[in-house]
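Enquirer: Numbering (the working numbering), first residue to last: 5 to 198.
1) Around the Cβ of residue 132, are there at least 16 other Cβ atoms within 10 angstroms (buried) or fewer (exposed)?
2) For the pair the region 61–76 and the region 106–126, tell me if three or more CB-CB distances fall below 8 Å.
3) So, at 8 Å on beta carbons, what are the nonlocal neighbours of residue 114 in its own chain, with the 5 sequence-adjacent residues on each side left out?
4) For residue 150, count the other beta carbons within 10 Å of its own beta carbon; 16 or more makes it buried, fewer makes it exposed. Which is it?
5) Quick check on residue 116: buried or exposed, where buried means 16 or more other Cβ atoms within 10 Å of its Cβ?
6) Is the region 144–159 touching the region 121–132 in the sense that three or more CB pairs, one from each, lie closer than 8 Å?
7) Out of 50, 80 and 130, point me to the one whose CA is closest to residue 63's CA.
8) State yes or no: is the C-beta of residue 56 within less than 8 Å of the C-beta of residue 94?
9) Run the CB neighbour count on residue 157, radius 10 Å, all protein chains shown included, and call it buried at 16 or more, exposed below.
10) Among residues of its own chain, excluding the 5 on either side of residue 43, which ones have a beta-carbon nearer than 8 Å to its beta-carbon?
11) So, with DSSP's three-state summary, where would you put residue 136?
12) Hey, residue 129 and residue 88: beta-carbon distance below 8 Å or not?
13) Roughly how many angstroms separate the alpha carbons of residue 83 and residue 140, rounded to a whole number?
14) Are the beta-carbon atoms of residue 60 and residue 91 separated by less than 8 Å?
15) For residue 74, name the three-state secondary structure that DSSP assigns.
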């Protein structure tokens, strides 16, 4: 079996394989250390997410308790949105870490989706009275580049694994996140043909 150092869109997994097969003992030892470091990052990211949720609650409580009571102005709403979206981005990063731990593959689609969410967060919380037009144009260019990259990863890179196939048809991709079935849900029984 040939020694594969890196795979791009190989089989069911997508992205770059960071697991080195058949390497010397030092590389194997260092890979184990990196794996433990990634586990530590997952734990820390969980703490950041919980802390972020408490921060959202605190920000919301403080904004509601300031006069005029129980009313939010536009800046308060934008601050609340920013806090919410920061927690959602932290959750996306946590999912990146978990998928890396499971597959040892950097999932390009999920990384691009996370980057798009972060860019969208930035656009949502812009204070257009304080931001220069160059900054807005630059952010727009970044969003276009990320969108094109996501589209390419979603549609065209499946064909790159079959370079000689001129009639490559991209099969439908599963969604990035599938809702998990609870253990209490019963499997549907197929109906008998009448």
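No residue lacks a Cβ here, since even glycine has one placed at the ideal position from N, Cα and C.
Expert: Well, looking at it:
1) exposed
2) Result no; under three Cβ-Cβ pairs closer than 8 Å.
3) 96, 99, 100, 103 and 180
4) buried
5) buried
6) Between the region 121–132 and the region 144–159 there are three or more C-beta pairs closer than 8 Å, enough to call the two in contact.
7) Among 50, 80 and 130, the Cα nearest to that of residue 63 belongs to 80.
8) yes
9) buried
10) 105
11) coil
12) no
13) 19 Å
14) yes
15) coil
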